[in-house]
Amino acid sequence: MKKIEPILHSLGDDITLIDLLEGGQQGKTGCYVIQAEKVTIVETGTSHGAPYILAGLKKLKIDPKEVRYIIVTHIHLDHSGGLGSILPIFQNAEAVVHPRGARHLMNPSKLLKGAQSVYGDDFLQLFGEVLPVPEDRILVKNDNEILDIGRGRVLTFLDTPGHARHHFSIYDSGSKGVFAGDTVGVRYVQQFTGFDFEMIFPIASPPEFDKEALLASIEQLEKLNPNKIFHGHFGVTEPAAYAFERIKKTVEEFEHIAKSCFSPGTKPDTIKEKLKEYMKESIKREGYDEDDLSCLDLDLSLNSQGLFISLDKKVKS
Numbered sequence: 001m002k003k004i005e006p007i008l009h010s011l012g013d014d015i016t017l018i019d020l021l022e023g024g025q026q027g028k029t030g031c032y033v034i035q036a037e038k039v040t041i042v043e044t045g046t047s048h049g050a051p052y053i054l055a056g057l058k059k060l061k062i063d064p065k066e067v068r069y070i071i072v073t074h075i076h077l078d079h080s081g082g083l084g085s086i087l088p089i090f091q092n093a094e095a096v097v098h099p100r101g102a103r104h105l106m107n108p109s110k111l112l113k114g115a116q117s118v119y120g121d122d123f124l125q126l127f128g129e130v131l132p133v134p135e136d137r138i139l140v141k142n143d144n145e146i147l148d149i150g151r152g153r154v155l156t157f158l159d160t161p162g163h164a165r166h167h168f169s170i171y172d173s174g175s176k177g178v179f180a181g182d183t184v185g186v187r188y189v190q191q192f193t194g195f196d197f198e199m200i201f202p203i204a205s206p207p208e209f210d211k212e213a214l215l216a217s218i219e220q221l222e223k224l225n226p227n228k229i230f231h232g233h234f235g236v237t238e239p240a241a242y243a244f245e246r247i248k249k250t251v252e253e254f255e256h257i258a259k260s261c262f263s264p265g266t267k268p269d270t271i272k273e274k275l276k277e278y279m280k281e282s283i284k285r286e287g288y289d290e291d292d293l294s295c296l297d298l299d300l301s302l303n304s305q306g307l308f309i310s311l312d313k314k315v316k317s
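Sequential numbering of the sequence shown, starting at 1, is according to full-length UniProt numbering.
Below, the structure written as C-alpha cells:
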C-alpha cells in the first residue's frame, strides 16, 4: 500500500489546511484543522478524503481522540459526504451541522437521490460511499449560537443561505476569520487551474441557489468586519474585503449572463457555453489565451444548472 504524504498549508492562528485532493487534484477542496484546546475540524470532503485527513492529523501529531468537533458548513457531499465514514474514528467528536441538514446526515437517502440526479453515472467516482451519521453524535447549531473550543476561542454560527438553505458560516474569534464554505465563492488557485493568479467566482449549485439570499448572507458576513475568508474550495483570502467585492460582482455578472440567454425551452448547456466564454475573457485579461477550461467544466455545469433553475423559478412565481 502506497504511503500517503499529506499536503498541509499552515495558515497561522493554529489553523492548518489539509488538501483533500478531490478527484486527484490539488487545490480543489480542503479540510481545516483548528488546534485549539478542543481540536476542531471544519469540512470532511467526500469519503475519498478520509485518508488525507488522517494522514494530515498524524503529521500534526494529533491523536483522533483529541478531536472534539467536526463541522460541516453544509451538507453538499463535497463538504460532508465523508462524515459518516470518518466519524467512528473520532470517538470523542460531535458532528456539528446546520438545523436543516441534520436529518439528511442521519438518513442521506434524499441527499443521495438529489446528487445522483445531478452527477449521474459519475456519482460513485466523485463521492464514494456516503454513510449515515448517528443521531446521538450530531450537534445542531442555530443562527448566532456559539461553540467554545477552549482558552477563550469561540466559534459563532451564522445562517447563510443562498448557495444552499442548509448552509451556515462560522466566525472564529481566534483568527478573526470566517469559515465560509461556499457562501463567498470558490477560490481557484494555481495548484488547481495551472494559472499563476487566483480567481473568485460563485458556485450556483442546483437546486437551491438563490442570488438574493446569497447577497443578503454576504452582507451579514461583511458586517462582522472579518480579516480573512476560509473557502471550502480552496484556502484563505486576506483581506476578506477582496473576496466580498469579487463575489458580489461576479454573482451579478453570472445571473446577467444567464438572463441574456434564458427563455422558455432554454437548456442549461446554453448558459454553460456563455459562462465559459465569460471565464475565457476573464482569464485573457490576466494575460492567458486559454481555450482548455476542462478543470472548470464541472463547476460550469453546476453553475449553469443552478442559474437555470433559479431563473425558471422566478418566471413561474
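For each residue, glycine too, the CB sits at the ideal point set by N, CA and C.
Taking 4 residues as the minimum length, the alpha helix (DSSP H) runs contained wholly in the region 244–305 are 268–284, in order along the chain. When C-alpha distances from S80 are compared across H98, P6 and L296, the shortest belongs to H98. Closest in alpha carbon position to N142, among F127, V130, D136 and I170, is I170.
Boundaries of the alpha helix (DSSP H) around G84: L83 to I86. Per DSSP, reduced to three states, the secondary structure at I229 is strand. Under DSSP, the beta-bridge partners assigned to I71 are V42 and V96. In the DSSP secondary-structure assignment, H9 is bridged to L17. The alpha-carbon of I7 is positioned some 40 Å away from that of L311. Exclusion of the five residues before and after V236 leaves L11, K228 and F230 as the residues of its chain whose Cβ lies within less than 6 Å of its Cβ.
Take E145, set aside five residues on each side of it, and the residues of its chain with a beta-carbon closer than 8 Å to its own are T156 and F157, in chain order. Q116 and G306 have their C-alpha atoms roughly 15 Å apart.
With a cutoff of 8 Å on beta-carbon distance, K28 and F192 are scored as near each other. Its Cα nearest to that of A216, the residue H163 stands out among H104, H163, S260 and H256. Residue pairing by DSSP places I200 opposite R187 in a beta bridge. Where L139 is concerned, there is no enclosing alpha helix (DSSP H), although the beta strand (DSSP E) around it starts and stops at I138 to V140. A Cβ-Cβ separation of about 16 Å leaves G114 out of contact with D182 under the 8 Å criterion.
Taking the Cα of V118 as reference, the smallest distance to any Cα among D299, K313 and E43 is reached at D299. Under the 10 Å beta carbon count, Y242 is surrounded by fewer than 16 other beta carbons and is classified as exposed. Rounded to the nearest whole angstrom, the C-alpha separation of D210 and E277 is 23 Å. Shown here, D122 sits in a helix according to DSSP, grouped into three states. A Cβ-Cβ separation of about 5 Å places G82 in contact with A50 under the 8 Å criterion. In the three-state reduction of the DSSP assignment, D78 falls in the helix class. In the structure shown, the three-state DSSP call for F192 is helix. Following the DSSP letters along the chain, one finds G177 inside the beta strand (DSSP E) bounded by residues G177 to G181.
T73 is positioned such that its CB atom lies no closer than 8 Å to that of F201. In the three-state reduction of the DSSP assignment, V315 falls in the helix class, which pools H, G and I.
Assigned with DSSP and collapsed to three states, L155 falls in strand. Leaving aside the five residues that flank P161 on each side, the residues in its chain whose CB is nearer than 7 Å to its CB run, in chain order, H167, D210, A213 and S217.
The C-alpha of D159 is placed about 29 Å away from the C-alpha of L54.
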